[in-house]
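The numbering of the sequence shown is this note's numbering, which starts it at 2 and goes up by one.
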Amino acid sequence: MFVRQKKNRSGTTSVVVVTKSHGIFKELKTIGVSDDCIQIEKFINQAQQWIQHYKGELDVFQQSAKEQEERHLQNICYLTLKTC
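In structure tokens, the structure reads:
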């Protein structure tokens with residue numbers, strides 16, 4: 002699976018998740034359509050996240066950041082309870 006940008010006749014760009022099997026492209030999901038470069042970049046990021054979710058892959062760095070955030074919140078709660 003990979004992300005593909007497809008130009009439309011209207012001048013907009015579609016961001017699509019596709020797979021290639023036996024030389025044939027199959028569109029799995031259309032993420033969005035826009036003519037704005039910034040919005041297209043957002044669609045590309047969303048498509049990559051969709052692929053990771055669909056494949057069941059975990060982003061180790063994102064998971065680590067969540068764990069750190071949880072620890073910080075627990076420490077804050079502990080300190081506020083301890084001072085009261």
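The beta-carbon is built from N, C-alpha and C at its ideal position, and this holds for glycine as well.
Please read all numbers here as calculations on a predicted model, not as lab measurements.
Hey, residue i and residue j are a contact pair by Cβ (cut 8 Å); roughly how many whole angstroms apart?
| i | j | result |
| --- | --- | --- |
| W51 | V19 | That belief does not hold up - the Cβ atoms of W51 and V19 are roughly 12 Å apart, past 8 Å. |
| I41 | V4 | About 11 Å; that fails the 8 Å criterion. |
| F44 | S35 | 7 Å |
| T14 | K7 | 7 Å |
Assign residue i to one of three DSSP states: helix, strand, or coil.
| i | result |
| --- | --- |
| R5 | strand |
Just the C-alpha distance for residue i and residue j, rounded to the nearest angstrom, thanks.
| i | j | result |
| --- | --- | --- |
| A48 | Q69 | 26 Å |
| N46 | Q75 | 31 Å |
Considering only C-alpha positions, which residue in the set the options is nearest to residue i?
| i | options | result |
| --- | --- | --- |
| T31 | H23, M2, I77 | M2 |
| K56 | E71, C38, L29 | L29 |
| C38 | H73, C78, I77, G12 | G12 |
| N9 | G33, E71, I77 | G33 |
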